[in-house]
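Take a look at the structure below.
Numbering (our numbering), first residue to last: 83 to 316.
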């Protein structure tokens with residue numbers, strides 16, 4: 083999805099209220115930031131929809147692993163600096179006051195080993211008393227296998243149907259999406275499979291602590307079925 087279907091990403095997630103989500107993030111930052119600066123790193127920034135609002139408050143830099151998603155973000159924000167990098171291995175050579183990783187992007191790491199590496203790298207890129215905000219995927223106990231899900235886009239020159247049945251393999255959620263995309267030129271079928279980590283809250287917080295953060299889990303997050311992790315770098 084983040085490569086071959088990148089051009090349809092914002093269409094399928096058009097229901098997301100990025101302005102309200104960014105407002106909540108900004109409020110959290112203002113209530114907790116003590117590093118004294120305003121530099122924000124958006125990790126897994128995608129097409130830059132949150133940046134549209136975050137850049138009104140902060141000097142924003144974006145990172146994503148997908149060059150096609152970054153291409154869309156660069157068109158949207160020509161004055162923002164972007165880097166193509168993996169969140170575990172990114173090496174930007176400077177630190178930030180705030181680091182955010184939203185819309186469950188962290189769960190693509192799949193394993194606690196990878197999560198630990200990413201959190202330590204996040205810590206390396208944050209100033210002392212900087213703020214870390216992570217939006218995880220659904221809590222393991224709330225993820226239901228066998229659920230049928232679907233999204234639709236219905237525009238005059240673009241029709242999209244995306245469906246999947248939620249599956250689970252131990253601590254992985256299996257998201258096997260089936261896409262049907264129609265334009266005036268053609269109708270095409272795509273299959274897009276993702277495996278994402280179902281991370282235990284206490285284990286996640288423990289790994290944040292190991293990476294140098296004071297860790298808190300907030301049950302009321304940006305979406306109704308997902309919370310937020312708040313970290314303050316020691």
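Just so it is clear, CB atoms sit at the ideal spot from N, CA and C, and this is done for glycine as well.
Whole beta strand (DSSP E) elements within the stretch 112-186, 3-residue minimum: The stretch 112-186 is shown to contain whole beta strand (DSSP E) runs of 3 or more residues at 121-125, 141-146, 163-166, 178-183, in chain order.
Identity of the residues DSSP links to residue 311 by a beta bridge: For residue 311, which the question treats as bridged, DSSP gives the partners 216, 299.
Boundaries (first-last residue) of the beta strand (DSSP E) holding residue 274: Where residue 274 is concerned, the enclosing beta strand (DSSP E) stretches over 269-279.
Three-state class that DSSP yields for residue 87 in the structure shown: For residue 87, the three-state secondary structure derived from DSSP is coil.
Same chain, Cβ closer than 7 angstroms to residue 144, five either side skipped, listed in chain order: So the list reads 124, 127, 130, 133, 155, 162, 164, once near-sequence residues are dropped.
Given 8 angstroms, three or more beta-carbon pairs between the stretch 270-283 and the stretch 165-183: With a cut-off of 8 angstroms, the stretch 165-183 and the stretch 270-283 do not count as touching, because too few Cβ pairs lie within range.
The stretch 296-316 touching the stretch 228-243, judged by at least three CB pairs closer than 8 angstroms: With a cut-off of 8 angstroms, the stretch 228-243 and the stretch 296-316 do not count as touching, because too few Cβ pairs lie within range.
Complete beta strand (DSSP E) runs within the stretch 185-269 (minimum length 3 residues, chain order): Those beta strand (DSSP E) runs which fall completely within the stretch 185-269 and span 3+ residues are 208-216, 230-237, 240-247, 249-251, 254-264.
Other residues of its chain near residue 203: CB distance less than 8 angstroms, five sequence neighbours each side excluded: Result list for residue 203: 169, 170, 171, 172, in chain order.
Rounded straight-line distance, which links the Cα of residue 280 to that of residue 307: About 13 angstroms.
For residue 250, the nearest candidate out of 192, 119, 112, 213 (CA to CA): Ranking 192, 119, 112, 213 by Cα distance to residue 250 puts 192 first.
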